[in-house]
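Note that my numbering numbers the sequence shown so that position 195 is 219, with each residue one more than the last.
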Amino acid sequence: MINTVDKTIVNKTIVNKTPLRRLFFALALPNAVQQNIVQWRTDHFPPEAGHLIAAANLHLTLAFLGEVSSAKAQVLQQQAGRISQSGFNVTLDDIGHWPGSGVIWLGCKNPPRGLLQLAQLLRSQAARRGCYQTSLPFHPHVTLLRGAMRPVALPAKTNNQHFRAEHFSLYESVFARGRTRYNIIQSWPLAGSERTSDAI
Ligand code: 3AM
């Protein structure tokens with residue numbers, strides 16, 4: 025029989041052996057685009073519309089992985105490193121509100137094929153490694169506000185921020201001191217991009 029102390033030790037050992045991290049693949053947004061979006065958001069949404077996502081956290085999710093062990097993350101990183109795909113241009117010319125999830129977002133009226141292909145590939149690689157993938161169709165978006173459960177008047181137009189996706193990244197979502205931060209763990213260049221990125 026295991027006493028309470030032993031149980032704690034057993035539990036601690038299990039936790040220490042398999043530290044799980046909340047991970048997702050995403051496109052980073054250039055700093056200038058993040059700043060322009062935040063300024064535009066301030067001009068178009070009242071403070072009570074929802075919880076504002078910090079500029080540095082604005083990103084475009086490609087594939088959510090969930091809570092992942094180091095071993096699984098390593099395999100997913102190796103697979104991501106073998107992806108050979110060209111960069112593409114993204115224009116954020118669409119806006120919407122999902123009241124069910126309380127998300128107000130910027131998206132693309134016509135998402136570039138490269139973006140859809142990259143997300144599809146990362147999602148199928150993740151699914152093959154046992155990371156649950158939603159059956160909902162992929163809708164590329166940048167979350168602007170969360171907790172927006174009430175009807176909200178959306179601006180008729182976005183300010184059409186655009187950027188070139190030259191790399192994609194693996195992010196860790198870290199919640200500490202009441203804040204969520206998204207840290208880049210590793211980035212990979214998209215072919216045709218001059219810049220290369222490495223593990224951090
Ligand atoms: O900000 P967005 O929506 O692009 O919504 C979460 C966020 O993406 C999404 O992963 C990103 C980083 O947290 N996410 C969180 N939980 C999820 C889940 N269970 C999820 N996506 C799919 N399924």
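Glycine residues also receive a C-beta, built at the ideal position from the N, C-alpha and C atoms.
Residue i: buried (16+ other C-beta within 10 angstroms of its C-beta) or exposed?
i	result
G171	exposed
G111	buried
H75	exposed
Q149	buried
Y156	exposed
S125	exposed
T204	exposed
P54	exposed
S93	exposed
A200	exposed
If we ignore side chains and look at the alpha-carbon of each, how far apart do residue i and residue j end up?
i	j	result
R46	I209	11 Å
T85	H165	7 Å
P43	V198	13 Å
L4	Y206	Because the chain here runs from 25 to 224, residue 4 falls outside it and cannot be looked at.
W122	M173	8 Å
K31	E91	Residue placement at K31 is flagged as unreliable, the pLDDT there being 37, under the threshold of 50; the coordinate-derived value follows with that caveat. Roughly 23 Å separates the two Cα atoms.
N40	P175	With a pLDDT of only 48 at N40, under the threshold of 50, the placement of this residue in the model should not be trusted, and no figure is reported.
D222	F192	Because the pLDDT of D222 is 47, which lies under 50, any placement of that residue in the model is unreliable, and the question is left without a value.
A189	Q59	17 Å
D67	A177	13 Å
R152	A56	36 Å
A143	P71	32 Å
Say yes only if the C-beta of residue i is nearer than 7 Å to one or more non-hydrogen atoms of the ligand 3AM, and no if none qualify.
i	result
T158	yes
V198	no
H121	no
V62	no
V176	no
V92	no
H163	no
F88	yes
T182	no
T42	no
V127	yes
Are residue i and residue j touching if we call contact CB-CB under 8 Å?
i	j	result
A95	F49	no
A116	T167	Checking the sequence, you will find Leu at residue 116 rather than Ala. Cβ atoms of L116 and T167: not closer than 8 Å.
F69	L169	yes
L89	L100	yes
R147	A97	no
W212	I107	yes
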